[in-house]
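Asker: Numbering (my numbering), first residue to last: 133 to 811.
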């Protein structure tokens, strides 16, 4: 950049430097060398003496004469430069100066702060400005605080105040300050040096973006009991211009936190600005933390704007990625006091969104005005969102269609609206909605196609095919009627009899998600790791308010009387500890009941034995899996529902699903290959 205004600014910085008598005296040789080499760049007509201060070989009088001559030359040059700067003061501001004026207006900088910031940016971005000081003093990569004060024409104390870590420029992320107090323009500030902006509004959009739009309305969150009180809180805080209003929305991904924040702001007619979503990479860089974006947004929008801020993925501010004590932006814990003050003094209501608050400082949590734990919406609520979006876009909105979508896709509400709108744009129907969702879900899972593991049990499970010592249909109805979740079950018996399938069926009746863990998920070769994994599994189920299933429970609940190693005992102890304090459904399945610890068995609310199918059930199971009645399976007493499922898979390959005789033959093979079953 070489416009006339920038040239005048360089002359101004040069004038301030040459006018500082202390600096000239202490760096006399460097100043003389610069004047001889570069002086004519700014004053082409000025006659600069050829003699310089000389070296040690000069006689004493000669060195004195040269110094006096150069001192006079420096004074004359400075006076001539001052006249030229005065005559050039009415230059039209160039690109950077205009941007700087926009930034000053938006962020409320004083004239001194604006000029000081301009100098620091030019030192980094303009070689000629940077060379003024480096060629007069010993070369270094950065100008120190004293030199910056000299070039800016202010006292060192004033420059030091503007360079403090708690200064306006530092709090807004416009300057970095190193451990020695040396200032440097930040990356976001340097962006303004050569980026053309037409107006302050352009700069405003660059820094904070435009308000985000809601795709849902409050009726879509009717299942959220806190929705109405949050709406009243936000409306009241905006009308009363309350300070320090912070709303925390936390919970696992995909539960609708971000969409609710957008909908909440829209419900009170407030523009919502999402920090870090304006699409400008310079603003979103890791080292230009949203900690500073938040400060800039508060300054730009002001308390009377009626706006609301949203900080999505807020962990980077509340758990780290804030300004370190070295002055550089690094992934370290933010100074506690700094974050506390930010939460207490923000002038705009701010909605913070986090997936996990387990590691969040309790001091931060105490400063939130309201906090909501987002869980998976009930299936009925998700189905209603489906029906509403389908209806609004002219697609079939019947209950069955909505329930099919709910059963097949586990996605956030925003995905639903996106998929339905995409199908409408191409005049598509339900099939196009499914194709869109498949593509979105695959992208969401990093290119991995995720199969719906629960769909098959929903289709195959039939309570009439369970041969147990307890009436499980009646038990499930009783649990559903009471609405209690503080129970546990040990389902034991022959493999393939439907133990895990019943647990999943029960979760569906109670409208609970499922957390399922196998032996391989929990056991570890490292000492103490298995106990940690067990505790994490229970914690995950509590966080999700889910039904927890442990398959192959005999592996970590084996009888302690026969334990040969200490870790086997500690494993059982951890399980018992977790079971006693767990308030959500817990189901263990095992094929080896005789290995289960007796103390552990006493802690299960229900213990249910599973056996092979009865004669009548075998015929019913044949009809259930193959749609063929009247199969005579009296000679196959050891069959289980799992055997029928395996045969159906095999028969599909041989294209004999309608061949009764071949199907019975395959079942005979399955029984022959099984170990003898004790009856």
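Each residue gets a CB set at the ideal place from its N, CA and C atoms; glycine is no exception.
Given the structure is predicted, the values throughout are model-derived calculations rather than measurements.
1) Going by the DSSP bridge assignment, what does residue 620 pair with across the sheet?
2) Between which two residues does the beta strand (DSSP E) carrying residue 358 extend?
3) Could you tell me the boundaries of the beta strand (DSSP E) in which residue 405 lies?
4) Can you grab the Cα-Cα spacing for the pair residue 145 / residue 340, in whole Å?
5) DSSP on residue 144, reduced to helix/strand/coil?
6) Please classify residue 805: is it buried, with 16 or more other beta-carbons within 10 angstroms of its beta-carbon, or exposed?
7) Between the C-alpha atoms of residue 661 and residue 357, what's the straight-line distance to the nearest angstrom?
8) Let's test the definition: count the other Cβ atoms within 10 Å of the Cβ of residue 658 and tell me whether it reaches 16, buried, or not, exposed.
9) Between the Cα of residue 216 and those of 162, 264, 141, spot the shortest distance and give me the residue it belongs to.
10) Residue 741 bridges to which residues according to DSSP?
11) Tell me whether residue 602 sits in a helix, a strand or coil according to DSSP, three-state version.
12) Could you give the uninterrupted runs of the alpha helix (DSSP H) lying entirely in the segment 478-539, keeping only those of 4 residues or more?
13) What's the call for residue 245, buried or exposed, on a 16-neighbour Cβ count within 10 Å?
14) Please say whether residue 674 and residue 634 have beta carbons closer to each other than 8 angstroms?
15) With distances taken from CA atoms, which of 481, 555, 512 is nearest residue 430?
16) In three-state terms, what does DSSP make of residue 378?
17) The alpha helix (DSSP H) spanning residue 392 covers which residue range?
18) Exposed or buried, which one is residue 188 when buried takes at least 16 other CB atoms within 10 Å?
19) Three or more beta-carbon pairs under 8 angstroms between the segment 378-394 and the segment 340-353, yes or no?
20) What is the rounded straight-line gap between the Cα of residue 623 and the Cα of residue 671?
21) Where DSSP assigns a beta bridge to residue 573, which residues make up the other side?
22) Please work out which residues of its chain come closer than 6 angstroms, Cβ to Cβ, to residue 416, disregarding the five sequence neighbours upstream and downstream, and give them in chain order.
23) Indicate whether the contact test is met: 3 or more Cβ pairs, each with one atom in the segment 374-388 and one in the segment 535-554, closer than 8 angstroms.
24) Identify the continuous beta strand (DSSP E) that holds residue 316 and give its terminal residues.
25) Output the distance between the C-alpha atoms of residue 812 and residue 790, rounded to the nearest integer angstrom.
26) Determine the direct distance from the alpha carbon of residue 379 to that of residue 497, and round the result to whole angstroms.
27) Nearest to residue 281 by alpha carbon, out of 305, 314, 571, 260?
28) Going by DSSP in three states, residue 649 sits in which element: helix, strand or coil?
29) Buried or exposed for residue 311, going by 16 or more other Cβ atoms inside 10 Å?
30) Give me the residue from 714, 739, 220, 677 with the minimum Cα distance to residue 603.
31) Give a single yes or no on whether residue 627 has its beta carbon closer than 7 angstroms to a heavy atom of the ligand NAD.
32) Quick one: give me the first and last residue of the beta strand (DSSP E) that residue 308 is part of.
33) On the criterion of 16 or more Cβ atoms from any shown chain inside 10 Å, does residue 630 qualify as buried, or is it exposed?
34) With a floor of 3 residues, list each beta strand (DSSP E) that falls wholly inside the segment 216-252, ordered by position along the chain.
35) As a quick exercise: from 284, 306, 170, pick the residue whose alpha carbon is nearest that of residue 152.
36) Output needed for residue 382: all residues of its chain with C-beta closer than 8 angstroms, excluding positions within five of it in sequence on either side, in chain order.
Answerer: With the structure as the only source:
1) What you label residue 620 is simply residue 488 of the chain shown in a count that begins at 1. Per DSSP, 718.
2) Looking up residue 358 in the chain shown gives position 226. Premise fails: residue 358 is in no beta strand (DSSP E) and is neither H nor E.
3) Your numbering for residue 405 matches position 273 in the chain shown. Its beta strand (DSSP E) spans residues 404-406.
4) Position 13 of the chain shown, counted from the first residue, corresponds to residue 145. Position 208 of the chain shown, counted from the first residue, corresponds to residue 340. So the alpha carbons of these two residues sit roughly 32 angstroms apart.
5) Your numbering for residue 144 matches position 12 in the chain shown. If DSSP states are grouped into helix, strand and coil, residue 144 belongs with the helices.
6) The residue you call residue 805 lines up with position 673 of the chain shown. So residue 805 counts as exposed.
7) For the purposes of this step, residue 661 is identified with residue 529 of the chain shown, where counting begins at 1. For the purposes of this step, residue 357 is identified with residue 225 of the chain shown, where counting begins at 1. Taking the straight line joining both Cα atoms gives about 38 angstroms.
8) The count along the chain shown starts at 1 and reaches residue 658 at position 526. Exposed is the call here.
9) Counting from 1 along the chain shown, the entry for residue 216 is found at position 84. Cα-wise, what sits closest to residue 216 is 141.
10) In the chain shown, the residue the question calls residue 741 occupies position 609. Residue 741 pairs with 624.
11) Within the chain shown, residue 602 is the residue found at index 470, counting from 1. Here residue 602 sits in coil by DSSP.
12) 494-497, 511-524
13) For the purposes of this step, residue 245 is identified with residue 113 of the chain shown, where counting begins at 1. With 16 or more Cβ atoms within 10 Å of its Cβ, residue 245 is classed as buried.
14) Taking the chain shown and counting its residues from 1, one reaches residue 634 at position 502. Taking the chain shown and counting its residues from 1, one reaches residue 674 at position 542. No. Outside cutoff.
15) Taking the first residue of the chain shown as position 1, residue 430 is located at position 298. When only C-alpha atoms are compared, the closest one is 481.
16) Counting from 1 along the chain shown, the entry for residue 378 is found at position 246. It is a strand residue.
17) The residue labelled residue 392 in the question sits at position 260 within the chain shown. Where residue 392 is concerned, the enclosing alpha helix (DSSP H) stretches over 389-399.
18) Position 56 of the chain shown holds residue 188. Residue confidence for residue 188 is low, a pLDDT of 48 falling below 50, so the modelled location carries little weight and cannot support an answer.
19) yes
20) Locating residue 623 in the chain shown gives position 491, where the first residue counts as 1. Locating residue 671 in the chain shown gives position 539, where the first residue counts as 1. Rounded to the nearest angstrom, the two C-alpha atoms are 22 angstroms apart.
21) Within the chain shown, numbered from 1, the residue matching residue 573 stands at position 441. According to DSSP, which records beta bridges pairwise, residue 573 is partnered with nothing at all.
22) For this step, residue 416 is matched to residue 284 along the chain shown. At residue 416 the pLDDT is 45, less than 50, meaning the model places this residue with poor confidence and gives no usable figure here.
23) Contact holds: three or more Cβ-Cβ distances are below 8 angstroms.
24) On the chain shown, residue 316 is found 184 positions in, with the first residue counted as 1. Counting along the chain, the beta strand (DSSP E) containing residue 316 begins and ends at 315-317.
25) Here the chain has residues from 133 to 811 only, and residue 812 is not among them.
26) Residue 497 sits at position 365 when you count from the first residue of the chain shown. Residue 379 sits at position 247 when you count from the first residue of the chain shown. So the alpha carbons of these two residues sit roughly 10 angstroms apart.
27) The residue labelled residue 281 in the question sits at position 149 within the chain shown. With distances taken between Cα atoms, residue 281 lies closest to 314.
28) Here residue 649 refers to the residue found at position 517 when the chain shown is read from its first residue. In this structure, residue 649 counts as strand in the three-state DSSP scheme.
29) Residue mapping note: residue 311 aligns to position 179 of the chain shown, counting from 1. The residue is exposed, with fewer than 16 neighbouring Cβ atoms inside 10 Å.
30) Reading the chain shown from its first residue, position 471 is the one you call residue 603. Taking only the C-alpha atoms, the option nearest residue 603 is 739.
31) The ligand content of the structure shown is nil, which means the ligand NAD is not present either.
32) What you label residue 308 is simply residue 176 of the chain shown in a count that begins at 1. Taken as a continuous stretch (DSSP letters only), the beta strand (DSSP E) holding residue 308 covers 307-309.
33) Taking the chain shown and counting its residues from 1, the one referred to as residue 630 is at position 498. Answer is buried; the Cβ neighbour count reaches 16.
34) none
35) Start at 1 with the first residue of the chain shown, and residue 152 comes out as number 20. Considering only alpha carbons, the answer is 284.
36) Position 250 of the chain shown holds residue 382. Only 389, 485, 486, 487, 488, 489, 503, 504, 505, 506 meet the Cβ criterion.
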